[in-house]
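*Asks:*
Structure below.
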């Protein structure tokens, strides 16, 4: 299954596409959509177009987005929320189910610790996707989101198979 992870940001929206075959994960592509334009509307439109092109090019079958954390600056939080709306909308437009994960959940899944530093996340992404060339910190975070979602989907698949087997026996 091909999974896209998205790290929302108004200036830089990271994305990473991986392939999950059983327990094996492999890197497909990663990058950063940089917003352009003088107005918020123009920046959101450029993010929409950029992410739409990524999804069209790499044809993921599932998507996941990092949840926004609330910080002290309400205006910045609101703008980030609007960029996150683009990150949710574009995969939904493509017909994909979109998973959402809290930053601590992603870190715990990928690194093993819920309060891992960015450098630890990037290190673990490199270990899980050997040979990957990461386009930047936002792309590394997006790859971590994709890894988290792929592992979640694998666990959910195993759970469904176990329930089906239990139902067949009962």
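In the numbering used here, the protein residues as written are 119 to 288. The C-beta atom is built at its ideal place from N, Cα and C for all residues, glycine as well. Computed from a predicted model, the values in this text were never measured in an experiment.
Return the first residue and the last residue of the beta strand (DSSP E) that residue 170 is part of.
*Replies:* Residue 170 -> not in any beta strand (DSSP E); alpha helix (DSSP H) instead, spanning 158-176.
*Asks:* What residue ranges within the region 240-281 form continuous beta strand (DSSP E) runs of no fewer than 3 residues, ordered along the chain?
*Replies:* Taking only runs of at least 3 residues, no beta strand (DSSP E) segment lies wholly in the region 240-281.
*Asks:* Apart from the five residues on each side of it in sequence, which residues of its chain come closer than 7 Å, Cβ to Cβ, to residue 269?
*Replies:* Same-chain partners within the cutoff: 227.
*Asks:* Using the beta-carbon count (16 or more within 10 Å), is residue 233 buried or exposed?
*Replies:* The residue in question, residue 233, is exposed, as its Cβ has fewer than 16 Cβ neighbours within 10 Å.
*Asks:* Using the C-alpha atoms, what's the distance from residue 140 back to residue 127?
*Replies:* Going by the C-alpha atoms only, they are around 31 Å apart.
*Asks:* Hey, quick one: how far does the beta strand (DSSP E) through residue 324 stretch, first residue to last?
*Replies:* Residue coverage of the chain in this structure runs from 119 to 288, which leaves residue 324 outside it and unanswerable.
*Asks:* Looking only at its own chain, which residues have a Cβ that is under 6 Å from the Cβ of residue 209, when we skip the five neighbours before and after it?
*Replies:* The answer, listed in chain order, is 181 and 216.
*Asks:* If you count every other CB in all the chains shown that lies within 10 Å of the CB of residue 175, and 16 or more means buried, which is it?
*Replies:* So residue 175 ends up on the exposed side.
*Asks:* Less than 7 Å between the C-beta atoms of residue 149 and residue 257, yes or no?
*Replies:* Yes, these two residues count as a Cβ contact at 7 Å.
*Asks:* Rounded to a whole number of angstroms, what is the C-alpha to C-alpha distance between residue 143 and residue 242?
*Replies:* Cα-Cα distance, rounded: 13 Å.
*Asks:* Give me whichever residues DSSP pairs with residue 144 in a beta bridge.
*Replies:* Beta-bridge pairing links residue 144 to 137.
*Asks:* Using beta carbons (cut-off 7 Å, strictly below), is residue 226 in contact with chain C?
*Replies:* Considering every chain present, this structure includes no chain C. It has just one protein chain.
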